[in-house]
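In the order they appear, the protein sequences are chains E and P.
Read left to right, the first sequence gives residues 79 to 298 (the working numbering).
Read left to right, the second sequence gives residues 79 to 298 (the working numbering).
Glycine included, each C-beta is placed from N, C-alpha and C at the ideal position.
Following: one structure in structure tokens, then a few remarks.
There are 2 protein chains.
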Amino acid sequence: MIAELLPERTVERLSKYRRVLSRELENGMDHIYSHDLAKLLHITPVQVRRDLMLIGHTGTLRKGYDIAKLIKLIGEIIDCSGIQKVAIVGLGQLGMALLNYLQNNKNKLHLTAAFDNNPEKIGHIFQGIPCYDEQQLKEVVEKEKITIGILTVPANKAVEMSHRMTDSGILGIINYTPASLKLDNAFLEEYDVITSLEKVAYFSKPFNLDLYKKLIQSQQ
Amino acid sequence: MIAELLPERTVERLSKYRRVLSRELENGMDHIYSHDLAKLLHITPVQVRRDLMLIGHTGTLRKGYDIAKLIKLIGEIIDCSGIQKVAIVGLGQLGMALLNYLQNNKNKLHLTAAFDNNPEKIGHIFQGIPCYDEQQLKEVVEKEKITIGILTVPANKAVEMSHRMTDSGILGIINYTPASLKLDNAFLEEYDVITSLEKVAYFSKPFNLDLYKKLIQSQQ
DNA sequence: AATCATTTGTTTACATTTTAACAATGCAAA
DNA sequence: TTTGCATTGTTAAAATGTAAACAAATGATT
């Protein structure tokens, strides 16, 4: 249906659209206007219409978008036809927090395995997710056909581990370590807590915040 | 020195430059070329030179950039003159993980307080950080002059809590909840774990990954 | 029936970010 | 000394992402 890759930002918003739309559906709404959907995410109606145009969803004039249909379409675009299995590599504090956060997945992404090198964790089951020895990574990933990895090992092990992950067949990695990676055969998404905190620190310095507010205002 | 706001992406990279440069300094390096710094972050040398131009750092031809000076300059730009105090609002799994992650801060950002509504946590000290009752937010933030908040409460409390945070004097918020916020008097940075995971899922679907790889190749 | 108001879909313009191009500089080697 | 080369700093172009503008459609109102 869609022959081209969608822009990264559009994909991100589609994920958010689906989430808020599901809530609207539960509240008994069946249609929604672009400007109402926009308000839910604090973006502009134009952006909503443009995103939906890109995925080929068409609303009805004066009635808005059919929420159930839109949710279904977004699913067809974002989700894999079957399911995609996810592994957490590194069960430290952050890995464990993410494990708890993700275990109640109602979508097509199934958290399937965790890996660590701590003997006290290996062999245990956390929230229904088994923790394997890091050494078994390739074996388990191949057997379970895991395609997505969440990387939460210590920074100094991140590069090596990321290569072992892609070598095992993982196609997408979210890197939560501060190490900066480069993968050849997988999609990489990096998120660096410290960087993000330092960015907020910069923009919330009083002088900068004033400049920032003026900038925002001048755009409206 | 710099009269204008820096681009957001530049600020993010400055944070990363500083981190890798500190490591190089520890390894005994005193100067670095733009292309070597670029390699450390897997970006282009042009981008490095452009970023450094924006902050007014000037290297010496055939010698590169003075690492110690550059680290110092980045500090002057990113860090506040004094220190900036940080609070974690919501000490669930994620909040606690971040608390552990941030407690060993060697920079100008000081994690000062945590807030929760769980009686079992209120009054306790975690890694040296006291956990207060959510109800004391305004009081503590004002007294301690906390300016940055990390929001990790349950999604349904995020909007209300964010307003209480800005009302108390917080100037910058990192929102880790899936709720989408809109703040008028503070800088807001949102990071949504699920969205980021679904984005990776989309781009690592085999068909899309092929398109993506071709796209990358065609750009080189 | 004619006009108006509303809302979609699409094109065009604007802003931000990245990448490329290249002049300027100055060390090294012939 | 002079040529060549490596490296910086800056300007220009390209790519990406966001917002505006507006035609088209259709129901509501007079």
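Which residue's Cα is closest to the Cα of residue i: the options?
i	options	result
D67 of chain P	P:L148, P:E276, P:R140, P:K292	What is shown of chain P runs 79 to 298, which leaves residue 67 of chain P out entirely.
D211 of chain P	P:E198, P:I203, P:F193, P:V218	P:F193
V219 of chain E	E:V164, E:R140, E:I272	E:V164
V271 of chain E	P:L176, P:D288, P:N263, P:S282	P:L176
T244 of chain P	P:I203, P:K223, P:A264	P:A264
E90 of chain E	P:S296, P:F285, P:Y280	P:Y280
R97 of chain E	E:E82, E:A146, E:E86	E:A146
H188 of chain E	E:N195, E:G206, E:G173	E:G206
K223 of chain P	P:L169, P:Q162, P:R87	P:Q162
L139 of chain E	E:I121, E:I110, E:T255, E:T190	E:I110
L99 of chain P	P:Q181, P:V126, P:E86, P:R87	P:V126
V231 of chain P	P:M174, P:G201, P:L293	P:M174
Q171 of chain P	P:E82, P:K199, P:G137, P:D157	P:K199
Q181 of chain P	P:D157, P:N195, P:P208, P:T255	P:P208
H120 of chain E	P:L261, P:E102, P:S274	P:L261
V278 of chain P	E:K186, E:E102, E:R101	E:K186
A233 of chain E	P:Y179, P:N234, P:Q213	P:Y179
Below 8 Å on C-beta distance, what does residue i contact in chain E?
i	result
I133 of chain P	Residues of chain E passing the Cβ test: none, with the nearest at roughly 11 Å.
G250 of chain P	V278, A279, F281, S282, L287
A165 of chain P	Simply none; closest approach about 12 Å.
Y179 of chain P	Q171, L172, V271
A191 of chain P	By Cβ distance, chain E contributes nothing, its closest Cβ being about 15 Å from A191 of chain P, past 8 Å.
E220 of chain P	The contacting residues do not exist; E220 of chain P stays about 16 Å from chain E at best.
A264 of chain P	S282, L287
Residues in its own chain within less than 6 Å of residue i by CB, not counting five upstream and five downstream?
i	result
H113 of chain E	P123
K141 of chain E	H109
G227 of chain P	A165, V167, M243, I248, I251
L118 of chain E	V98
K291 of chain P	none
Buried or exposed: which applies to residue i, given that a residue is buried once 16 or more other Cβ atoms fall within 10 Å of its Cβ?
i	result
G160 of chain E	exposed
S296 of chain P	exposed
L293 of chain E	exposed
A191 of chain E	buried
I203 of chain E	exposed
E86 of chain E	exposed
E276 of chain P	buried
T225 of chain E	buried
K94 of chain P	buried
G250 of chain P	buried
K283 of chain P	buried
E82 of chain P	exposed
T273 of chain E	buried
For a test of the three-state rule: what should DSSP assign to residue i, helix, strand or coil?
i	result
M79 of chain E	Any answer about M79 of chain E is weak, because its pLDDT of 40 lies below 50 and its placement is not dependable; what the coordinates show is given next. In this structure, M79 of chain E counts as coil in the three-state DSSP scheme.
P256 of chain E	coil
Y143 of chain E	strand
V237 of chain P	helix
I251 of chain E	strand
Q181 of chain E	coil
V231 of chain E	coil
T72 of chain E	Coverage of chain E is limited to positions 79 through 298, which leaves residue 72 of chain E absent and any answer about it impossible.
A116 of chain P	helix
K186 of chain E	coil
K223 of chain E	coil
K266 of chain E	The sequence shown places Leu at residue 266 of chain E, not Lys. L266 of chain E falls in the strand class under three-state DSSP.
Q297 of chain E	coil
P123 of chain E	helix
P197 of chain E	coil
Q171 of chain P	helix
Y95 of chain P	helix
D129 of chain P	helix
Whose Cβ in chain P lies nearer than 7 Å to the Cβ of residue i?
i	result
V89 of chain E	K277, Y280
Q297 of chain E	Neighbours of Q297 of chain E on chain P: none; closest Cβ ~13 Å, over 7 Å.
L83 of chain E	N286, L289, Y290, L293
Q162 of chain E	A279
So, at 8 Å on beta carbons, what are the nonlocal neighbours of residue i in its own chain, with the 5 sequence-adjacent residues on each side left out?
i	result
L84 of chain P	L92, L132, I133, I155
V237 of chain E	A257, L259
N253 of chain E	L229, A236, S240, L259, L266, E267, E268, Y269
N286 of chain P	Y280
L169 of chain P	L177, A192, F193, D194, N196, K199, F204, C209, T230
V143 of chain E	It is Tyr, not Val, that sits at residue 143 of chain E in the sequence shown. Cβ neighbours of Y143 of chain E beyond the five flanking positions: H109, I110, Y111, S112, L115, L130, H135, G137.
Which chain P residues are close to residue i, counting only those with a beta carbon under 8 Å from its beta carbon?
i	result
L187 of chain E	L275, E276, A279
So which residues on chain P does residue i lean against when the C-beta distance must stay under 9 Å?
i	result
K199 of chain E	The premise fails here: K199 of chain E is roughly 15 Å from chain P at the closest Cβ pair, so nothing lies under 9 Å.
K260 of chain E	H120
Take residue i and list the residues in its own chain whose beta-carbon comes closer than 7 Å to its own, dropping the five residues that flank it on each side.
i	result
M107 of chain P	I145
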